[in-house]
Amino acid sequence: MSIPIQFAQDLVVRKAFSAAGHSVLVYDYFLTLNDEILYIWNAPWTFVKVMFLVNRYGNLIGQTFIRLEEAGLLTNNSTKFCRSFVVITAIYMLLSSETIHILVLMRAWAIWGTGKRTTRVLIWSYIVYLLIQMAGALITVKGGHISWLLCFFRPCHSLKYVCSGRSFSVPRLRQGLLWGHAK
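When you line the sequence shown up against our numbering, it's residues 814 to 996, in that order.
Shown next as structure tokens:
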């Protein structure tokens with residue numbers, strides 16, 4: 814099965830941006846390591862500290878794992894590997910974004926005051942957000958398509974994913990999350 818030229822060109826651009834983004838992530842890690850040791854590692858263990866460390870090191874490990882696969886260093890020429898990789902990547906992205914959301918909500922809670930009303934508003938706002946996210950995921954899993962929303966921002970394409978040099982159709986749950994597109 815040959816890969817369309819436009820898809821291959823888009824894939825090269827995606828890989829270049831991925832490599833650049835990962836380089837900035839690793840550079841930032843080493844750039845801020847001294848401050849992290851000084852301010853974070855010496856601080857008492859709190860929920861905020863745990864969330865920060867999970868996000869910081871989870872992102873570093875997760876992005877490295879994704880980058881190794883994209884670079885072809887972590888490959889396996891099987892459909893099972895690629896499907897597992899897509900599921901693991903989806904779970905990683907969900908956990909990564911939710912740890913940041915929780916940290917931002919906790920920061921807002923501290924800034925706006927720790928009163929009961931503020932706490933309720935932030936908790937209910939987060940619950941509504943999660944319900945909307947889950948509803949969108951369930952709609953796509955059950956056969957509905959929300960990919961039409963992407964048509965407002967760029968021409969619509971059928972979505973494909975390349976893993977270990979092979980092209981696969983993307984599971985519906987992940988359609989809006991991947992960058993690889995083909996006509």
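The C-beta atom is built at its ideal place from N, Cα and C for all residues, glycine as well.
Since the model is a prediction, treat every value here as computed from it, not as a measurement.
* To do: Could you spell out the range, first to last residue, of the alpha helix (DSSP H) harbouring GLY885?
  => Position 72 of the sequence shown, counted from the first residue, corresponds to residue 885. Where GLY885 is concerned, there is no enclosing alpha helix (DSSP H), given that its DSSP letter is neither H nor E.
* Asked: Are ARG880 and TYR842 touching if we call contact CB-CB under 9 angstroms?
  -> If you number the sequence shown from 1, residue 880 lands on position 67. If you number the sequence shown from 1, residue 842 lands on position 29. No.
* If we ignore side chains and look at the alpha-carbon of each, how far apart do ARG827 and GLN946 end up? -> Position 14 of the sequence shown, counting from 1, holds the residue named residue 827. Position 133 of the sequence shown, counting from 1, holds the residue named residue 946. Distance between the alpha carbons of ARG827 and GLN946 is about 26 angstroms.
* To do: For PHE898, count neighbouring Cβ atoms within 10 angstroms of its own Cβ and tell me buried if that reaches 16, exposed if not.
  => Here residue 898 refers to the residue found at position 85 when the sequence shown is read from its first residue. Buried.
* Alpha-carbon to alpha-carbon, ILE816 and ILE952 -> On the sequence shown, position 139 is the one that residue 952 refers to. On the sequence shown, position 3 is the one that residue 816 refers to. Roughly 30 angstroms separates the two Cα atoms.
* If you follow the alpha helix (DSSP H) that LYS903 is part of, which residue opens it and which one closes it? -> The residue given as residue 903 occupies position 90 in the sequence shown. Per the sequence shown, residue 903 should be read as Ala rather than Lys. 892 to 925 is the extent of the alpha helix (DSSP H) around ALA903.
* Asked: THR927: buried (16+ other C-beta within 10 angstroms of its C-beta) or exposed?
  -> Counting from one through the sequence shown, the residue named residue 927 turns up at place 114. The residue is exposed, with fewer than 16 neighbouring Cβ atoms inside 10 Å.
* Consult DSSP for ASN855 and reduce its assignment to one of helix, strand or coil. => The residue labelled residue 855 in the question sits at position 42 within the sequence shown. It is coil, neither helix nor strand.
* Rank ILE901, ILE874 and PHE865 by C-alpha distance to the C-alpha of ILE915 and give the top, closest one. => Translated into the one-based positions of the sequence shown, residue 915 becomes position 102. Per the Cα distances, PHE865.
* Pull up the distance between the alpha-carbon of THR877 and that of GLY949, whole angstroms please. => Position 64 of the sequence shown, counted from the start, is the residue given in the question as residue 877. Position 136 of the sequence shown, counted from the start, is the residue given in the question as residue 949. Going from the Cα of THR877 to the Cα of GLY949 covers about 28 angstroms.
* Under three-state DSSP, which class holds SER836? -> In the sequence shown, counting from the first residue as 1, residue 836 sits at position 23. Helix at SER836.
* Asked: Under 9 angstroms between the Cβ atoms of GLY871 and THR912?
  -> Numbered from 1 along the sequence shown, position 58 holds the residue referred to as residue 871. Numbered from 1 along the sequence shown, position 99 holds the residue referred to as residue 912. Contact flag set, yes.
* **Residues of its chain near LEU908, where Cβ-Cβ distance is below 7 angstroms and the 5 sequence neighbours each way are ignored** => Here residue 908 is taken as the residue at index 95 of the sequence shown, counted from 1. The answer, listed in chain order, is GLY871.
* Assuming MET919 contacts VAL867 (C-beta within less than 8 angstroms), just tell me the rounded distance between them. => As a working mapping, residue 919 is identified with position 106 in the sequence shown. As a working mapping, residue 867 is identified with position 54 in the sequence shown. No, MET919 and VAL867 are not in contact; Cβ-Cβ is about 13 angstroms, not under 8 angstroms.
* To do: Just tell me which of GLN819, HIS835, LEU944 and TYR939 has its CA closest to the CA of LEU873.
  => Counting from 1 along the sequence shown, the entry for residue 873 is found at position 60. The shortest CA-to-CA distance from LEU873 to any of GLN819, HIS835, LEU944 and TYR939 is the one to HIS835.
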